[in-house]
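Q: Protein chains in written order, with this note's numbering: chain A, 1 to 378; chain B, 1001 to 1279; chain C, 2001 to 2307.
We treat Cβ as the ideally placed atom computed from N, Cα and C, and that holds for glycine.
Got a structure for you, written out below as structure tokens; questions coming shortly.
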Amino acid sequence: MNSAILKPRKRIDRSTMITIGIIIAIYMLAFGLEQVIPASSMIFTVLKKGATYALVAVSMNLLNGFTGLFSLGQAGFMLIGAYTYAIFTVPVANRLSVYRYYDGGVIQFTLPLLLAIVLAGVVAAFFAFLIGLPVLRLKSDYLAIATLGFAEIIRAIFQWDKLGVVTNGSNLLREFPNFNSFNVKDANGNVTLYLSTLIPFLIAGVCILLIVMIINSSYGRAFKAIRDDEVAAEAMGINLARHKMIAFCASSFFAGIGGAMLAMYQNSVQAKSFTTAMTYEILLIVVIGGIGSVTGSCLSSFLFVACSEWWLRFLDQQQTINGWQVPLLRSGFRLVVFSLIIMAVVLFFRQGIMGSRELSDLFKNRWNKPSRKGGVKP
Amino acid sequence: MSENVLHLENVTMQFGGVVAVYDVSMDVNQSEIVALIGPNGAGKTTVFNVITGVYAPTNGRVSLRGKVIAEDHPRGKMRRLYAAGHQYEYVRSVGFTPDRITKMGMARTFQNIRLFKSMTVFENVLVAKHMNMRAGFFSSVLHLNGREEARMREETLELLSVVGLYEVRDEIATSLPYGQQRRLEIARALSTKPSMLLLDEPAAGMNPQETEDLCAFIREIKEQFNLTVLLIEHDMNLVMDISDRIYVLNFGKRIAEGTPAEIQNNPDVITAYLGVAEE
Amino acid sequence: MFSTVLPYLLSGVSVGGQYALIAIGYTMVYGILRLINFAHGDVFMVAGILMVYISASGVPLYISIPLVLALTAAIGFAIERVAYKPLRSAPRMSIMISAIGVSYTLQNLVLYITGGLNQFYPSIPFISDTVTIGGASTRMVTIVTPILTLVLVVALVMLINHTKIGMAMRAVSKDFETSRLMGIKINSVISVTFVIGSFLAGVGSILYFTNYSTVIQTSGSMPGLKAFVAAVFGGIGSVPGAVVGAFIIGICENLLKGLDTILIKAGIITKTFGFTTFSDAFTFALLIIILIVKPTGLFGEKQIDKV
């Protein structure tokens, strides 16, 4: 056969260009909005928290959706990342007041912000390595429970009094730099350039880009093979233990960075809040977006955050129309409606929003492809 | 006398109280096509699974080109239950994982097709090249190995056109008709650049014409890729046509070995397949 | 020394029995459907809430107790029909995600209804009475629980081994497809399993909340998880295993809670080590150890997958 036909296409095709265009537009929008709308607007809460959850959701999708490893330990790795970041960035001057019961704590230096964020990921990945050694050879249901168990153990360890000199025990860690620290201020302390939304977008964006690069690499194919049929993957030369560990550590690395972002968003870190309920929420976000779709995870993260923080808020308030109190609407109803929507998706729309498609697939023009069955041989 | 590729020595596989494979010894030599036949439930796929490292043998040894890839002896509870022979002859415990055995040059297909369901034909074959990739995780992710990746893709396309699946390369693997799926499984195994190929019932579900095509196909790839082949098969036409030698299993035991002509006239084999006439 | 250990031992036996009643539900459902019913712990919690509200509306105990048990069994049945049955042919992950979704939904429903405030469990006469054993003061519930648990477990084991429906349950847990082909009414078997499991969880909730007396929407998470660990520890699919596992976990966890006090009393340490923080984590550590050392649990059977 003519080898010219066998050479695969090299140009970046149209759909990818459109995707990149859309992404750039979104970034510019996020940046622009912040300069014009007052900083207290709900939209920024949604954008910042959405970006954080998007990263964590995509990292979970890498592990659960693309490699097929049903792990429920995400909250534990987020916890490790959040603490690593906070511990190494609380300004030395504030340590005495933050570590009030531990004489200022044992760590008396800070690391540059970016380094602390990367370190958050590295430490989380390291713990993933240790945990993965015994746990990754378990069958899917047992893996789920074992990772859940480890997350709970991690939570207990970080609340332990005896480690308080590092972790502050069951007290809050606070006063570390958050997203607002990135805002450019003038001599009087007034903000001239708002960056507090662009920064989380950038951090999450770079990380998600890296995850996409993993998925599109040969290793990503190997992960998908493991998901589709472990036995066949092994027979095709893919070392299961090694590849599962790589996926586990990579996913946890990004979950750790997500945890650092969460710390920056919340402005405080407390082990108590990283419960299995948090992992369940991320899992549900991934399912709604579509297991195996990065775009889906991003979309549904923003939707989830928007609904829980902003849009469905009205469901929690008691409304009176013409003197008649609308039944059902009071605090907590939002979460009920939410749960029912999630159940509906899980039962009837199992593919989620995007199934396993990505943004670029939406723009692939099916009619331009040469016919595959029959037709003239070139 | 050609060089020995695969050597099985007194391999026994026992599950609880059931002996699935009983003291089976076999040899496959370079460039041979050897068939493993026997009635259903005779233990043939179990033998494959022991050879490829999916199961650890209860007893016995398997070597690939002289290197031991599996060896074991009855341990724990099995020491009491063990029902076959040669119990104290094998002292070591060696178990290469399937991926390592594939890296040593032995690839297999499966009785129930195990294609990667969510991936295309092209991707199924491409992923088999992952094990030979020289780039590490970070260079691969950062796409620093562009040339190697391009080479892998080119080789995949070439292989697909050799097996006649080039046209359907972008279809989802499981959407292909059955015969093509079987060929894809073989192509995927070939993609690992093996020197020995294990085929588990490659002709299952095929009509006589397709089986003839498959026969020619196996001969072709054997020549082109310089392979040694061991196959499990029920279709006697294919087996007699293509094999240099045949091993016959029944109830886990080897009951005969020889050329196709010898096997066809072997009374034990005939009894095993057809039963004994009522007196 | 014994008098220091005794109260912890007693509460361990008591909570162990309560975990056992929950664990049976997990182990039976897993045996038949290979599903970890993440929502089971929340069904346990809902039973507690039901009792609070039904009692509060003035219904006398001899009606409210059977009513709560019946309702809990009905809820278990309904959950299976609505959230698990439609996904029976879906990949395993989907049904587990559905279970997580149900758990999430139940917790949010209860949060909504109760407003997140602690609900106080009605005091049930006789079992709430204080009683002294060996110098330790405890409640009657501590004695009633293990006895009641054993009685119910024996009854259940007899049902599984000596009745037709029990044989059907055993068949389905051995081989789902073949049982169906043999004409066993799968849906009935599965429903019965859920009904029994939820009923026992209901009994467990009556005993548990008599001891712990406050109920909120998260009350089911920890007991549920621990009961599941107990089921795995004892050998998932085995009812006696789940019970043994639950008692062991209940006792160890309580001993751990009191370990600081005990060790100080025994003069082994002088300052508290902080063991209490780890009493929950201990259960998970035990889970991980058993999964690594003997994944089939104490009484479980090894399964070989055919390739």
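Work out the CA separation of C:ILE2160 and C:GLY2237 for me, nearest whole Å.
A: Taking the third sequence and counting its residues from 1, one reaches residue 2237 of chain C at position 237. Taking the third sequence and counting its residues from 1, one reaches residue 2160 of chain C at position 160. In a straight line, the C-alpha of C:GLY2237 is about 12 Å away from that of C:ILE2160.
Q: Can you tell me whether C:GLN2119 is buried or exposed, with buried defined as 16 or more other CB within 10 angstroms of its CB?
A: Mapped onto the third sequence, residue 2119 of chain C falls at position 119. With 16 or more other Cβ atoms within 10 Å, it is buried.
Q: Ordered along the chain, which non-local residues of its own chain (more than five positions away) have a Cβ less than 6 Å from that of A:GLY132?
A: Along the first sequence, one-based indexing puts residue 132 of chain A at 132. Same-chain partners within the cutoff: MET245 and PHE248.
Q: Please list, in chain order, the chain A residues whose beta carbon lies closer than 8 Å to that of B:MET1133.
A: The residue you call residue 1133 of chain B lines up with position 133 of the second sequence. The answer, in chain order, is SER218.
Q: According to the neighbour-count rule (16 or more other Cβ atoms, all chains shown, within 10 Å of its Cβ), is A:GLN317 buried or exposed?
A: Taking the first residue of the first sequence as 1, we reach residue 317 of chain A at position 317. When all chains shown are included, A:GLN317 counts as exposed.
Q: Compare the C-beta of A:ARG14 against all C-beta atoms of chain C and say whether one is closer than 8 Å.
A: Position 14 of the first sequence, counted from the first residue, corresponds to residue 14 of chain A. Judged by the 8 Å Cβ criterion, A:ARG14 is not in contact with chain C.
Q: Counting only Cβ pairs nearer than 9 Å, list the residues of chain A close to C:PHE2228.
A: Position 228 of the third sequence, counted from the start, is the residue given in the question as residue 2228 of chain C. In chain order: ILE145.
Q: Can you confirm whether A:ALA225, when its beta carbon is compared against all beta carbons of chain C, has any partner nearer than 8 Å?
A: Along the first sequence, read from residue 1 onward, the residue named residue 225 of chain A stands at position 225. Output row for A:ALA225: interface = no.
Q: I want to verify the contact list: residues of chain C whose CB lies under 8 Å from the CB of A:GLN159, in sequence order.
A: Walking along the first sequence from the start, residue 159 of chain A turns up at place 159. Within chain C, the residues near A:GLN159 are THR2277.
Q: For B:TYR1166, which residues of its own chain have a beta-carbon under 6 Å away from its beta-carbon, when the five flanking residues on both sides are left out?
A: In the second sequence, residue 1166 of chain B corresponds to position 166, counting from 1. Contacts found: LEU1160.
Q: What residue from A:GLY289, A:ILE285, A:LEU328 and A:LYS272 has the CA that sits closest to A:GLY76's CA?
A: Reading the first sequence from its first residue, position 76 is the one you call residue 76 of chain A. Nearest option by C-alpha distance: A:LYS272.
Q: Please state whether the Cβ-Cβ distance between C:HIS2040 and C:TYR2026 is less than 8 Å.
A: Indexing the third sequence from 1 puts residue 2040 of chain C at position 40. Indexing the third sequence from 1 puts residue 2026 of chain C at position 26. Yes, they are a contact pair.
Q: Can you pull out the residues from the segment 1097-1112 of chain B whose beta carbon lies closer than 9 Å to at least one beta carbon of chain A?
A: Per Cβ criterion, the list reads THR1097, PRO1098, ASP1099, ARG1100, ILE1101, THR1102, LYS1103, ALA1107, ARG1108, THR1109 and PHE1110.
Q: DSSP state of B:GLN1030, grouped into three classes?
A: Against the second sequence, residue 1030 of chain B aligns to sequence position 30. Reduced to three states, the DSSP call for B:GLN1030 is coil.
Q: Would you say C:ASP2280 reaches chain A, if we count a Cβ-Cβ gap shorter than 8 Å as a contact?
A: For the purposes of this step, residue 2280 of chain C is identified with residue 280 of the third sequence, where counting begins at 1. Yes, because at least one Cβ of chain A sits closer than 8 Å to the Cβ of C:ASP2280.
Q: Taking 8 Å as the CB-CB cut-off, is B:LYS1067 touching chain A?
A: The residue given as residue 1067 of chain B occupies position 67 in the second sequence. Taking Cβ atoms only, chain A never reaches closer than 8 Å to B:LYS1067, which makes this a no.
Q: Identify whether C:ASN2118 lies in helix, strand or coil by the three-state DSSP scheme.
A: Within the third sequence, numbered from 1, the residue matching residue 2118 of chain C stands at position 118. Of the three classes helix, strand and coil, the one that applies to C:ASN2118 here is coil, per DSSP.
Q: What do you get for C:ILE2269, buried or exposed, if any count of 16 or more other CB atoms within 10 angstroms of its CB means buried?
A: Here residue 2269 of chain C is taken as the residue at index 269 of the third sequence, counted from 1. Looking at its Cβ environment, which holds fewer than 16 other Cβ atoms inside 10 Å, C:ILE2269 is exposed.
Q: Check whether the Cβ atoms of B:LEU1238 and B:LEU1198 lie closer than 8 Å to each other.
A: Mapped onto the second sequence, residue 1238 of chain B falls at position 238. Mapped onto the second sequence, residue 1198 of chain B falls at position 198. No, the Cβ-Cβ distance between B:LEU1238 and B:LEU1198 is not below 8 Å.
Q: Are the segment 1263-1275 of chain B and the segment 2205-2222 of chain C touching by the rule of at least three beta carbon pairs closer than 8 Å?
A: No, because fewer than three Cβ pairs between the segment 1263-1275 of chain B and the segment 2205-2222 of chain C fall closer than 8 Å, the two stretches do not touch.
Q: Is the shortest distance between the beta-carbon of A:ALA156 and the beta-carbons of chain C less than 8 Å?
A: For the purposes of this step, residue 156 of chain A is identified with residue 156 of the first sequence, where counting begins at 1. It does: the Cβ of A:ALA156 has a partner Cβ on chain C nearer than 8 Å.
Q: Taking three-plus beta-carbon pairs below 8 Å as touching, is the segment 103-110 of chain A in contact with the segment 293-302 of chain A?
A: No: the two stretches stay apart, fewer than three of their Cβ pairs being nearer than 8 Å.
Q: Got a sec: which bits of the segment 2286-2298 of chain C sit with their beta carbon under 7 Å from any beta carbon on chain A, in order along the chain?
A: Correct list: LEU2287, ILE2288, LEU2291, ILE2292 and PRO2295.
Q: Check the Cβ of B:LEU1126 against every Cβ in chain A and list those closer than 9 Å, keeping chain order.
A: By one-based count along the second sequence, residue 1126 of chain B stands at place 126. The answer, in chain order, is SER218 and ARG221.
Q: Output needed for B:GLU1148: all residues of its chain with C-beta closer than 7 Å, excluding positions within five of it in sequence on either side, in chain order.
A: Against the second sequence, residue 1148 of chain B aligns to sequence position 148. Excluding residues within five positions, the ones whose Cβ falls inside 7 Å are MET1133, ARG1134 and ALA1135.
Q: Could you check the C-alpha separation between C:ASN2254 and C:LYS2271 for me, to the nearest Å?
A: Numbered from 1 along the third sequence, position 254 holds the residue referred to as residue 2254 of chain C. Numbered from 1 along the third sequence, position 271 holds the residue referred to as residue 2271 of chain C. Distance between the alpha carbons of C:ASN2254 and C:LYS2271 is about 19 Å.
Q: Between the beta-carbon of C:VAL2102 and the beta-carbon of C:ALA2074, is there less than 8 Å?
A: The residue you call residue 2102 of chain C lines up with position 102 of the third sequence. The residue you call residue 2074 of chain C lines up with position 74 of the third sequence. The answer is no: Cβ separation not under 8 Å.
Q: Please classify B:ARG1108 as buried or exposed, where buried requires at least 16 neighbouring CB atoms within 10 angstroms.
A: In the second sequence, the residue the question calls residue 1108 of chain B occupies position 108. Its Cβ being crowded by 16 or more others within 10 Å, B:ARG1108 is buried.
Q: Below 8 Å on the Cβ atoms is my contact criterion, and I expect C:SER2173 with C:ILE2032 to pass it. Report the Cβ-Cβ distance as a whole number of Å.
A: Taking the first residue of the third sequence as 1, we reach residue 2173 of chain C at position 173. Taking the first residue of the third sequence as 1, we reach residue 2032 of chain C at position 32. Their Cβ separation, rounded to whole angstroms, is 5 Å, which keeps C:SER2173 and C:ILE2032 in contact under 8 Å.
Q: Hey, how far is the Cα of A:ALA204 from the Cα of A:THR52?
A: Position 204 of the first sequence, counted from the start, is the residue given in the question as residue 204 of chain A. Position 52 of the first sequence, counted from the start, is the residue given in the question as residue 52 of chain A. A:ALA204 and A:THR52: Cα-Cα distance of roughly 7 Å.
Q: If you compare alpha carbons, which of A:PHE274, A:ASN188 and A:LEU210 is closest to B:LEU1142?
A: Sequence index remark: in the second sequence, residue 1142 of chain B carries index 142 (1-based). When each option's Cα is compared against that of B:LEU1142, the closest is A:LEU210.
Q: Give the C-beta separation of A:VAL98 and A:ARG174 to the nearest angstrom, bearing in mind that I take them to be a contact with Cβ-Cβ under 8 Å.
A: For the purposes of this step, residue 98 of chain A is taken as the residue at position 98 of the first sequence. For the purposes of this step, residue 174 of chain A is taken as the residue at position 174 of the first sequence. Indeed, because the Cβ distance is near 6 Å, the residues count as touching under 8 Å.
Q: Quick check on the burial criterion: 16 or more other C-beta atoms within 10 angstroms. Buried or exposed for A:ARG313?
A: Position 313 of the first sequence, counting from 1, holds the residue named residue 313 of chain A. Exposed is the call here.
Q: Report all residues from its chain with a CB closer than 7 Å to the CB of A:LEU138; omit the five preceding and five following residues, and keep chain order.
A: Here residue 138 of chain A refers to the residue found at position 138 when the first sequence is read from its first residue. Excluding sequence neighbours, A:LEU138 sits near ALA146.
Q: With three or more beta-carbon pairs closer than 8 Å as the criterion, would you say the segment 2142-2158 of chain C touches the segment 2248-2268 of chain C?
A: Contact between the segment 2142-2158 of chain C and the segment 2248-2268 of chain C is absent, because fewer than three Cβ pairs lie under 8 Å.
Q: So A:LEU119 and A:PHE88 are supposed to be a Cβ contact under 8 Å. How far apart are they, rounded?
A: As a first step, residue 119 of chain A must be located in the first sequence, where it is residue number 119. As a first step, residue 88 of chain A must be located in the first sequence, where it is residue number 88. Sure, about 7 Å apart at Cβ, within 8 Å.
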